[in-house]
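Below is one structure, written out as structure tokens, with a few remarks after it.
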Amino acid sequence: MKLLWKKELRSIDKTSPDDIIKLLLENRGITDEDNFINPPSPLTVSIEHFNKSYSTSLKRVFKLLEQIKKENKTVVVYTDYDADGITGGAILWETLHLLGFSAMPYVPHRVTEGYGFSVKGLNTVKDKFAPALIISVDHGITAEQKIAHAKAQGIPIIVTDHHLKSDVAPTSAFAVFHIPELSGSGVSYFFSKAIFDHFSSVIPSISEGFSSADAGANFADAGFLANARNDNMKKLQHNFSHDYISLASIGTVADLVPLLGVSRSVVATGLKEFSKMKRVGMKELLLQAGIEHKEISTYEIGFVIAPRINAIGRLEHAIDALRLLCTTDAKRARELTDKIGKRNTERQDLVAQSIEEAEKKLQAPSFKLQEKKIIILSSSTWHEGIIGLIASKLVEKYYRPVIVMTKSGPNYKGSARSIPAFHITNSLREHKDLLIDVGGHAQAAGFTLESTKLEQFQETLTRYADSKLTTDDLIKSIKADLKLPISFITKQLVEKIRKLKPFGMGNPNPTFISTVVISRVSVMGKDQQHLKFYSEDGTEFVAFGKGEMFGSISRGEVREVVYYAELNEWNGNQRINCRVLHL
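Take any residue in the sequence shown, count from 1 to its spot, add 5: that is its number in the working numbering.
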């Protein structure tokens, strides 16, 4: 383990809490503190904020939607099956539905159809719904061939996505809204808000006492107003200020989007609005998880809420997750939550079993794990829905790129996770001649491989990783923001650190390294699994899961401790608590 820090402060330095905050932000390339702490509110930002050309695209979209609405034709929201896609799909489908459109959601099956558009999925949508328009959520930017297939059948497609572009642009799409700095649900939120703003503007203001009689006199020919009821407009106004922004925050955190700029604002606002969310499905989900009374943070989203939303789509069909988010029936919400909870438990058991099998492969002498700069594993039995989780667990343990594949018909489905030194999607695209398809981000990717090319793929990627990665790249490091004396960690500083929330990808909790003289040492927890100690000045440190170190650390010992600082409140009193990351 390497300990790294960007700057060191000494006890003789005259440094205030404000100076430290400024240093923290500068270390992250942030020079405008006010703009970082107070980014543009998502409630006031329009989709044109990200690309001015979207104004022209929206005019074409609105015209098409108006025609579809007038003719009472169907719009299909074709969304991805992960938490980002499901939350984004819920936002867009519900917006169209409440505006009176004939709108249907479609979520492809992870195993039988795979990620994004497929010929099978598009044909199913065509035969089942005969749509006049398909709108993608959280996919589509790399699907030119499939979009052209739909266009040839007379079905226009609007793409809303945030993933990396491929070499082939989706030129056959009716319109493209591609915003890489947002999540898929974030793009959906701003696209849906644009639709709501447009269609609400052609309906008399609800504040003016909207009535169907008034509406009919002005809009009978357009056919807008049969379903544009006053209560739906009020509901949408509430949702864009509360529910939808909270749903977008779930997708943003779940998809590990950097919490910078508008994405940071989406999550910050969404977390605040959780308590005002009215949808019964989310209330039931929080209740099942035991966090219904807890203040929701990025931790609860990333480790409690999102895994449950993802679970059903990993093992069955993700449409039930979307139904849960959109249902207004409390009984139905409880039924769906129970089902999702059971699948989440099954998912956990499957992952544990599959990790055990993966470890046996890795520890086999023939695998030669110590020589590998990349881990590539395949199986004919692993469930396709969990191979990404297997890869993530192995990256966390072995700190090197991991590719996990499982047999799927005549092909292998693959999921890859990586480390910062190895852009996994670009690396796979370097060898796209071996693959049927590939897509993803810098540290996560999915792909399909012909079974006959498995051995060639393994050999080629192994050689490629060997040529790109150094030994140092594979040494896990903890990168602290600052090395400083523990005396610099004051309540005033921790209060200011709180203002940098929400923490997550792209904006981690500020981490410090201090040389600490150990004072008192004890263990805590039901099974004494956690270690607690104090520095000489009385600062409290807690190392979760490190109770076994109790006998190897003693009073008076000097240790380099990596930690982040929090304020604990008890009976109206505040005290600093440092969460140990490395000791």
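Glycine residues also receive a C-beta, built at the ideal position from the N, C-alpha and C atoms.
Which same chain residues end up closer than 6 Å to residue i when comparing Cβ atoms and leaving out the 5 residues on each side of it in sequence?
{"i": "His203", "result": "Phe67"}
{"i": "Lys151", "result": "Phe122"}
{"i": "Thr332", "result": "Gly286, Ala338"}
{"i": "Ser212", "result": "With a pLDDT of 35 at Ser212, under the threshold of 50, the predicted position of this residue should be treated as unreliable, and no value is reported."}
{"i": "Asp478", "result": "Ala426"}
{"i": "Val526", "result": "Phe538, Ile558"}
{"i": "Leu471", "result": "Checking the displayed sequence, the identity of residue 471 turns out to be Asp instead of Leu. Cβ neighbours of Asp471 beyond the five flanking positions: Lys378."}
{"i": "Gln533", "result": "Gly552"}
{"i": "Val671", "result": "What the structure shows of the chain is the stretch from 6 to 588, and residue 671 is not part of that stretch, so it cannot be assessed."}
{"i": "Lys1", "result": "Only positions 6 to 588 of the chain appear in the structure, and residue 1 is not among them; the question remains open."}
From this set, the options, which residue's C-alpha is nearest residue i's C-alpha?
{"i": "Gly256", "options": "Arg284, Gly93, Ser492", "result": "Gly93"}
{"i": "Leu187", "options": "His54, His298, Ala180", "result": "His54"}
{"i": "Arg584", "options": "Phe549, Arg560, Arg564", "result": "Phe549"}
{"i": "Asp354", "options": "Ser559, Ala316, Lys373, Lys366", "result": "Ala316"}
{"i": "Met510", "options": "Ser268, Ile429, Asp334, Glu460", "result": "Ser268"}
{"i": "Lys19", "options": "Ser270, Leu399, Ser492", "result": "Ser492"}
{"i": "Tyr249", "options": "Gly119, Ile91, Arg348, Lys377", "result": "Ile91"}
{"i": "Ser519", "options": "Gln533, Glu118, Glu541", "result": "Glu541"}
{"i": "Ala363", "options": "Trp387, Lys373, Glu376", "result": "Trp387"}
{"i": "Ala174", "options": "Tyr120, Ala153, Gly159, Arg115", "result": "Ala153"}
{"i": "Thr475", "options": "Lys377, Ser559, Gly444, Val499", "result": "Lys377"}
{"i": "Thr274", "options": "Lys458, Leu252, Arg15", "result": "Leu252"}
{"i": "Lys484", "options": "Pro507, Pro513, Arg503", "result": "Pro513"}
{"i": "Ser21", "options": "Leu264, Lys501, Gly577", "result": "Lys501"}
{"i": "Leu588", "options": "Glu571, Ile581, Ser559", "result": "Ser559"}
{"i": "Lys434", "options": "Leu454, Asn416, Val409, Pro113", "result": "In the sequence as presented, Lys is not what sits at residue 434; that position holds Arg. Ranking the options by Cα distance to Arg434, first place goes to Leu454."}
{"i": "Leu586", "options": "Gln579, Asp172, Ala570", "result": "Ala570"}
{"i": "Tyr304", "options": "Thr49, Phe508, Gly119", "result": "Phe508"}
{"i": "Thr462", "options": "Leu320, Leu327, Gly34, Ile379", "result": "It should be pointed out that residue 462 corresponds to Phe in this sequence rather than to Thr. Nearest option by C-alpha distance: Ile379."}
{"i": "Pro185", "options": "His446, Ile581, Glu562", "result": "His446"}
{"i": "Glu149", "options": "Val164, Gln158, Asp39", "result": "Val164"}
{"i": "Lys347", "options": "Lys365, Ala95, Ala326, Val50", "result": "Ala326"}
{"i": "Tyr120", "options": "Ala357, Arg284, Gly318", "result": "Gly318"}
Assuming residue i and residue j are in contact, meaning their beta carbons sit under 8 Å apart, how far apart are those beta carbons, in whole angstroms?
{"i": "Gly556", "j": "His535", "result": "Not a contact, Cβ separation roughly 15 Å."}
{"i": "Ile306", "j": "Ala259", "result": "7 Å"}
{"i": "Thr516", "j": "Asp486", "result": "5 Å"}
{"i": "Leu9", "j": "Ser482", "result": "5 Å"}
{"i": "Glu13", "j": "Lys488", "result": "4 Å"}
Give me the Cα-Cα distance between residue i and residue j, rounded to the nearest whole angstrom.
{"i": "Pro312", "j": "Ala294", "result": "11 Å"}
{"i": "Gly221", "j": "Thr100", "result": "Confidence is the limiting factor: at Gly221 the pLDDT is only 41, short of 50, which leaves the residue's position unreliable and the question unanswerable from this model."}
{"i": "Tyr568", "j": "Lys64", "result": "51 Å"}
{"i": "Leu505", "j": "Lys496", "result": "15 Å"}
{"i": "Asp442", "j": "Ile429", "result": "14 Å"}
{"i": "Ile26", "j": "Ser359", "result": "44 Å"}
{"i": "Glu545", "j": "Asn43", "result": "31 Å"}
{"i": "Gly451", "j": "Lys458", "result": "16 Å"}
{"i": "Ser60", "j": "Lys170", "result": "21 Å"}
{"i": "Leu70", "j": "Ile139", "result": "11 Å"}
{"i": "Phe279", "j": "Ile301", "result": "7 Å"}
{"i": "His243", "j": "Ser397", "result": "37 Å"}
{"i": "Asp226", "j": "Lys75", "result": "Here the model assigns Asp226 a pLDDT of 43, short of 50, so the residue's position is not dependable and the matter cannot be decided."}
{"i": "Ser246", "j": "Ala369", "result": "55 Å"}
{"i": "Asn349", "j": "Gln448", "result": "24 Å"}
{"i": "Phe196", "j": "Ala180", "result": "12 Å"}
{"i": "Ser58", "j": "Ile52", "result": "10 Å"}
{"i": "Ile17", "j": "Gln579", "result": "27 Å"}
{"i": "Val528", "j": "Leu97", "result": "50 Å"}
{"i": "Pro490", "j": "Glu565", "result": "11 Å"}
{"i": "Gln375", "j": "Lys402", "result": "13 Å"}
{"i": "Leu292", "j": "Ser177", "result": "45 Å"}
{"i": "Arg468", "j": "Glu460", "result": "12 Å"}
{"i": "His168", "j": "Val262", "result": "11 Å"}
{"i": "Val124", "j": "Val547", "result": "53 Å"}
{"i": "Gly444", "j": "His436", "result": "13 Å"}
{"i": "Asn32", "j": "Lys11", "result": "7 Å"}
{"i": "Lys7", "j": "Phe134", "result": "56 Å"}
Residues in its own chain within less than 8 Å of residue i by CB, not counting five upstream and five downstream?
{"i": "Ser385", "result": "Thr411, Lys412"}
{"i": "Glu389", "result": "Arg115, Val116, Thr411, Ser413, Lys418"}
{"i": "Val80", "result": "Leu70, Ile73, Leu101, Phe106, Ser107, Ala108, Met109, Pro136, Ala137, Leu138, Ile139, Ile140"}
{"i": "Arg503", "result": "Leu572"}
{"i": "Ile35", "result": "Phe41"}
Once the 5 residues before and after residue i are set aside, which same chain residues still bring their CB inside 7 Å of it?
{"i": "Asp166", "result": "Ser141, Asp143, His144, Gly145, Ile146, His183, Gly189, Val192"}
{"i": "Glu289", "result": "Ala338, Arg339, Thr342"}
What are the complete beta strand (DSSP E) segments, minimum 3 residues, inside the segment 375 to 454? For the beta strand (DSSP E) assignment, the uninterrupted runs of no fewer than 3 residues enclosed by the segment 375 to 454 are, from N- to C-terminal side, 380 to 384, 407 to 413, 416 to 422, 440 to 445.
Secondary structure, alpha helix (DSSP H): runs of 4+ residues fully inside the segment 297 to 376: 311 to 320, 324 to 331, 335 to 368
Please give the ranges of any alpha helix (DSSP H) in the segment 495 to 535, keeping only runs that are unbroken, at least 4 residues long and fully inside the region. 496 to 503
If you scan the segment 34 to 73 from start to end, which runs of the alpha helix (DSSP H) of 4 or more residues do you find wholly inside it? 38 to 42
Whole alpha helix (DSSP H) runs in the segment 142 to 199 with 4 or more residues, listed along the chain? 149 to 157
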